[in-house]
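Reading through the structure tokens given below for one structure.
2 protein chains.
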Amino acid sequence: MITRAHDARTAILDSAERLFASRGFAATTIKQIAAESSQNSALIYYYYDSKASLYRHVLERVINEIRSEAAKRLTDDSDPESVITAVVESQVAVLNNRPSLQVLLARELIDWKAAHAEPAIRSLSATLFERLRLAIAAGQGTGAFRADLDPTFAAISVIAQVGYLVLARPVAGILLGRGTDGPAPDDIRRFGKHAAAFALSGLRGPVATDLQTSFRAEGGS
Amino acid sequence: MITRAHDARTAILDSAERLFASRGFAATTIKQIAAESSQNSALIYYYYDSKASLYRHVLERVINEIRSEAAKRLTDDSDPESVITAVVESQVAVLNNRPSLQVLLARELIDWKAAHAEPAIRSLSATLFERLRLAIAAGQGTGAFRADLDPTFAAISVIAQVGYLVLARPVAGILLGRGTDGPAPDDIRRFGKHAAAFALSGLRGPVATDLQTSFRAEGGS
DNA sequence: GTCTATAGGCTGATAGAC
DNA sequence: GTCTATCAGCCTATAGAC
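What follows is the structure, encoded as structure tokens:
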């Protein structure tokens, strides 16, 4: 289960991930995966039932990595503002460290309407997203955040910012003057800081209430 | 140039747009397009040089529709806040009226890194996006918006919200309790209203004042 | 302009030697 | 486990009748 066999299996999975991410499922051939991983194309069918099965295994691994990366950054005792910052920072980290993860997920969304990833997305939704939503609702409860926003909509607005940078990478690159290769890693880091500040500012609302007179200068300190 | 010929040509274009949008370029075959449009598959090669050429024509038409739809909603004398609202509403309108337009653009981004759409995106960037960015900068100049945000980043945050709903449609659907088919048209309308409000709130900042000095009362909850 | 027929190439997948 | 050889089917694209 380990050593040579493990290596070949993993090499196939790695190459498949790269190619599925960069070209898409339909445009990637088994022979391309074999060549990229320096393995025999028939060996792919020894380890995986079909191209579709290989894709499902690739996707499963990607989803687990995204889940664990995100979970790692969320401690249980965070205040609402920290939760929001942590979520955005986690998006930036995944995006900068393993770009193909989110690209592959993006393709899954658009190519299969998330048919393979639906259980995983529901799971992430029930844990991570729900945590973000509850943090926003909690902030509204204490008066820290304006109460007239729908917490679910607001949570989507939080994740949408960096999410858009992933999904519309070439557009973001052009808008930032970097061309269609997309934003540079440092652009993404800086945009992440902006996104967190923008979201917090949007949540706090236009006027600090009498009960909640604390705010901090973002970007200045 | 009109009547029968025009009809066949347009029918091919229509079906190609639908199929390229829903399945992607590589997964769509010429015969599928022929069947969907009730035309002979060889006729497609009479009107278009190749599958790739047909795709480019489809994309060109889509881009022109997006551009004209967006331009229609932007008058020249709008104040900063109206510009932001108009941009978001224009996104919602396109998304609800012609969903395949933005899906096709999304696929172009991810499948070809916007290689075919780059000139159009640059053009849109130089007009529409620049207009949004300048509106934000103008608002900052009058003190209506907080000055510590990068106008380009802020403009991306504005368009990212509805943009994410398009690109991550199945995710948004799950998060909103609608399943992988994505948000309902009414969800999108309501989210559009939220997105404009959220963006304006984020831009206005925690205090409505022309002075950007702020109190330091950390952890004041 | 619209059709039938088909070429030529590549794809996913399998059989079977080692 | 890893390899070679190969098949059946589908794909884009073209030739040529009408």
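Respectively, the protein sequence lines represent chains C and E.
Every letter in the first sequence is one number past the one before it in my numbering, and letter 46, counting from 1, is 35.
Every letter in the second sequence is one number past the one before it in my numbering, and letter 12, counting from 1, is 1.
Even glycine gets a Cβ: it sits at the ideal position worked out from N, Cα and C.
Residue ranges of uninterrupted alpha helix (DSSP H) with 4 or more members, entirely inside the segment 43 to 101 of chain C and ordered along the chain, are 69 to 86 and 88 to 101. Pairwise C-beta distances place the segment 59 to 77 of chain E out of contact with the segment 8 to 21 of chain E, as fewer than three of them are shorter than 8 Å. About 16 Å separates the beta carbons of C:L48 and C:I33, which is beyond the 8 Å limit, so they are not a contact pair. For C:S190, the nearest beta carbon of chain E is closer than 8 Å to its own beta carbon.
The beta carbon of C:V151 is closer than 8 Å to those of V77, Q80, V81, L84, I177, F180, G181 and A184 in its chain, skipping five residues each way along the sequence. Comparing alpha carbon positions, the residue from C:L8, C:E119 and C:A0 closest to E:D100 is C:L8. DSSP places C:F134 in no alpha helix (DSSP H); its state is neither H nor E. Sorting E:A0, E:R120, E:A127 and E:T131 by C-alpha distance to the C-alpha of E:I148 places E:R120 at the top. Inclusion of E:P140 and E:A126 in the CB contact set at 8 Å is warranted, their separation being smaller than that value. Rounded to whole angstroms, the gap between the alpha carbons of E:E97 and C:P159 is 10 Å. At a cut-off of 8 Å, the C-beta of E:T141 has a neighbouring C-beta in chain C. Counting other Cβ atoms within 10 Å of its Cβ, E:T169 reaches 16 or more and is therefore classed as buried.
E:G194 is a Cβ neighbour of C:S190, given a cutoff of 8 Å. A residue is called buried once 16 or more other Cβ atoms fall within 10 Å of its Cβ, and E:G166, having fewer, is exposed.
The beta carbon of C:A95 sits closer than 6 Å to the beta carbons of L156 from its chain, once the five residues preceding and following it are set aside; these are given in chain order. One alpha carbon belongs to C:R111, the other to E:I163, and they sit about 7 Å apart. Scanning C:T64, C:D68 and C:S89 for the CA closest to the CA of C:R50 turns up C:S89. Exclusion of the five residues before and after C:A59 leaves S79 and L117 as the residues of its chain whose Cβ lies within less than 6 Å of its Cβ. Counting only residues of its own chain and dropping the five nearest sequence neighbours on each side, E:S114 has no CB closer than 7 Å to any other CB. The segment 123 to 180 of chain C is shown to contain whole alpha helix (DSSP H) runs of 4 or more residues at 140 to 156 and 158 to 164, in chain order. Around the CB of E:G128, 16 or more other CB atoms lie within 10 Å, so the residue is classed as buried. Between E:F134 and C:L138, the gap from beta carbon to beta carbon reaches 8 Å or more. A distance below 8 Å separates the beta carbons of C:A0 and C:Q28.
Inclusion of E:A106 and E:I52 in the CB contact set at 8 Å is warranted, their separation being smaller than that value.
In this structure, the alpha-carbon of C:A144 lies about 44 Å from that of C:S30. Within chain E, the C-beta atoms nearer than 9 Å to that of C:S146 come from S146, A149, Q150, Y153, F180, H183, A184, F187, A188 and G191, in chain order. Taking C:A24 as reference, the option from C:S4, C:S39, C:A41 and C:D38 with the minimal CA-CA separation is C:S4.
Each of E:I55, E:R45 and E:L192 was checked against the Cα of E:A104, and the nearest Cα belongs to E:R45.
Under the criterion of beta carbons closer than 8 Å, C:A161 and C:P174 do not qualify as touching, at roughly 13 Å.
For E:D(-4), the closest Cβ of chain C is not nearer than 8 Å. From the beta-carbon of C:E107, the residues of chain E found nearer than 8 Å are P159, I163 and T169.
Within the same chain, Y36 come within 8 Å of C:R(-2) by CB-CB distance, once the 5 residues on both sides are set aside. For E:Q21 and E:R12, the gap between their C-alpha atoms comes out near 11 Å. Excluding five sequence positions before and after C:L63, the CB atoms of its chain that fall closer than 8 Å to its own CB belong to V72, A75, V76, S79, L117 and R120, given in chain order. Boundaries of the alpha helix (DSSP H) around E:Q21: I19 to E25.
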